[in-house]
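Q:
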Amino acid sequence: MREIKFFDYQSLFVPYKKDLLNIFEDVASRGAFILQEDLRKFEINIANYTGAKHAIGVGNATDALQLLFNANGLNRGDEVIFCSHTMIATASAIKFSGATPVPVEAGKDHLIEIESIKKAITKNTKAIVPTQLNGRVANMDEIIKIANDHNLDIYEDSAQALGAKFKNKFAGTFGVGGCISFYPAKIIGCFGDGGIVLCNDDEVAYKIRLLRDHGRDNSGNISIWGYNSRLDNLQAAFLDFFFKKYDDVISRRRNIARLYYKYLEGIQEILLPPHPDEDEFRRDVFQNFEIEANQRDELYNYLKKNKIGTLLQWGGKAVHEFRDLGFNHSLPNTERIMRRSILLPLNLSINEEDISYISKNIKKFYAKKN
Ligand SMILES: *Cc1c(COP(=O)(O)O)cnc(C)c1O
């Protein structure tokens, strides 16, 4: 039987083995491990590509958010609005800055829902943190308007959205700043954890450069309490190598999404994410292909039995559903989405034949049900 993995971790290394070993030899021979030239080069390339004023390599995307919040002065008693269909990391970064994470609904496209942002605003609200989920940017015109009306800051959880655009502006560049994740299964992954801060504010960016390195400035002076969260120079060298082909990677991912449409359109029991060519104002980069499906759990098991790997994002739970963390919110639209959503494999290892095979199996599943 054919086997289609949800994500093939070896594919990060095996096809590029020779180049990657050369990079390892070069960097290691120079002894260039912490805050060296390769990292600076990668930061500049990411800043130039996204149009962010600053790009700062850090340990992971969760730290990136945390450092943004700390550097820009989120405080105890502040409330921060985020969409509950996100990774726990969005909320935990808010929490550890001292502020209160306030979850709101996801809309039809699974991104933060505009009306529920408005309803959640109180006199203590300080910021909105949209998650640019699945590599799609939320409607930033609307969010910027709300932020301006209520004097709120915008931070983006753009961990999944490097290269995604809304009206020609890149994810992570709409507000104070955003995070990008280089976790191995992200669109551009490294060999472990890694992340970068995108930031448009000179002062905040300067402070983040201190915060990620124990509070030290270039002279070695320490004027603020800091952390240790630096993107490894070696990882940055690997990432810079992968980044050279990044636009090609995006167009291949968008093509795979088009193929899913070709084969899955017309199945009544499922709902597809927005089509890549549906909206001339957006470039979605398809970190994930998240569909909604009737009898989702049974479909998951059926595909698993037929050796097709799928995934329930966040283990199938929205952030506010982790009641032990103190949430008591009811977000029925998000809960419905979480009960119905499933990620189909979308990575550069799968081809049209795989997609046709996956689609046939989904059709077979629903044919049996009827
Ligand atoms: C992956 C991810 C994160 C966390 O990224 P790390 O680099 O693993 O810290 C945060 N938010 C979202 C939406 C993610 O997908």
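Here the sequence shown stands for residues 1170 to 1539, numbered as in this note's numbering. Quick reminder that beta carbons are idealized off the backbone N, C-alpha and C, glycines included. Keep in mind it's a predicted model, so treat the numbers as computed, not measured.
Roughly how many whole angstroms lie between the Cα atoms of N1530 and K1473?
A: 11 Å
Q: Beta strand (DSSP E) containing D1322: first to last residue?
A: Segment 1322-1325, the beta strand (DSSP E) holding D1322.
Q: Along the chain, which unbroken stretches of the alpha helix (DSSP H) at least 4 residues long are found entirely within the segment 1172-1201?
A: Complete alpha helix (DSSP H) runs here, min 4: 1186-1199.
Q: Per DSSP, what kind of secondary structure is K1461 in: helix, strand or coil?
A: A small correction: the amino acid at residue 1461 is Glu; Lys does not occupy that position in the sequence shown. In the structure shown, E1461 sits in a strand (DSSP, three-state: E or B).
Q: Given 8 Å as the limit, is there contact between the segment 1343-1359 and the segment 1398-1412, that is, 3 or more CB pairs closer than that?
A: With the cut-off at 8 Å, the segment 1343-1359 and the segment 1398-1412 touch.
Q: Helix or strand or just coil, what does DSSP make of H1540?
A: As shown, the chain starts at 1170 and ends at 1539. That puts residue 1540 outside it, with no answer to give.
Q: Under the rule that 16 or more other beta-carbon atoms within 10 Å means buried, what is I1391, buried or exposed?
A: exposed
Q: What are the boundary residues of the alpha helix (DSSP H) that includes T1503?
A: Element bounds for T1503: 1501-1509.
Q: With a threshold of 7 Å (Cβ to nearest heavy atom), would M1256 be considered close to ligand 1?
A: yes
Q: May I have the straight-line CA-CA distance separating L1331 from V1271, to the nearest angstrom?
A: 25 Å
Q: Would you mind reading off the limits of the beta strand (DSSP E) that contains E1438?
A: Note, E1438: premise wrong, no beta strand (DSSP E); not H, not E.
Q: Just tell me which of A1328, N1308, I1357 has its CA closest to the CA of N1337.
A: Of the listed residues, the one whose Cα sits closest to N1337 is N1308.
Q: Does the Cβ of L1178 have 16 or more other Cβ atoms within 10 Å, making it buried, or fewer, making it exposed?
A: Per the sequence shown, residue 1178 should be read as Tyr rather than Leu. Flag for Y1178 reads exposed.
Q: Reducing DSSP to helix, strand and coil, say where K1376 ends up.
A: helix
Q: Going by DSSP, which residues form a beta bridge with N1397?
A: D1382
Q: Please state if the CB of I1283 and the CB of E1311 are separated by a distance shorter than 8 Å.
A: yes
Q: Quick one: does the C-beta of S1350 sit closer than 7 Å to a heavy atom of ligand 1?
A: Yes, the Cβ of S1350 comes within 7 Å of a heavy atom of ligand 1.
Q: Taking the beta strand (DSSP E) that K1295 belongs to, which residues open and close that run?
A: 1294-1298
Q: Of the residues D1318, G1358, G1226, Y1396, which one's Cα is nearest the Cα of Q1456?
A: G1358
Q: One question on the structure: do V1345 and N1239 come within less than 8 Å of each other, judged by their Cβ atoms?
A: no
Q: Residue range of the alpha helix (DSSP H) that I1477 falls in?
A: Premise fails: I1477 is in no alpha helix (DSSP H) and is neither H nor E.
Q: Between the C-alpha atoms of L1433 and S1499, what's the straight-line distance to the nearest angstrom?
A: 32 Å
Q: So the alpha helix (DSSP H) T1259 belongs to, where does it begin and stop?
A: 1257-1265
Q: Go to F1251, then tell me how far its beta strand (DSSP E) extends in each direction, as first and last residue.
A: 1248-1252
Q: Taking the Cβ atom as the reference point for each residue, do H1428 and I1524 lie within a distance shorter than 8 Å?
A: First, the amino acid is wrong: residue 1428 is Leu here, not His. The answer is yes: Cβ separation under 8 Å.
Q: Note down, in chain order, each residue of its chain lying with its Cβ closer than 7 Å to the Cβ of R1421, except the 5 sequence neighbours on either side.
A: L1517
Q: Could you check where the alpha helix (DSSP H) with L1428 kicks off and where it finishes?
A: Where L1428 is concerned, the enclosing alpha helix (DSSP H) stretches over 1415-1433.
Q: Whole angstroms is fine: what's the gap from F1265's alpha carbon to T1259's?
A: 10 Å
Q: Tell me whether Q1329, by its Cβ, gets closer than 7 Å to a heavy atom of ligand 1.
A: True, at least one ligand heavy atom lies under 7 Å from that Cβ.
Q: State the beta-bridge partners of T1269 as determined by DSSP.
A: E1248
Q: Going by other Cβ atoms of all chains shown within 10 Å of its Cβ, with 16 needed for buried, is P1445 buried or exposed?
A: buried
Q: With a 10 Å radius around its C-beta and 16 neighbouring C-beta atoms as the bar for buried, classify D1232 as buried or exposed.
A: buried
Q: Taking H1223 as the reference, which of A1296, A1536, D1370, A1462 has the closest Cα?
A: D1370
Q: Figure out for me which residue from I1315, K1355, S1261, E1459 has the closest Cα to the Cα of I1419.
A: K1355
Q: May I ask whether a heavy atom of ligand 1 can be found less than 7 Å away from the beta carbon of D1362?
A: yes
Q: Which stretch, first to last residue, makes up the beta strand (DSSP E) that contains E1349?
A: Looking at the sequence itself, residue 1349 is Ile, so the reference to Glu does not match. Start and end: 1346-1350.
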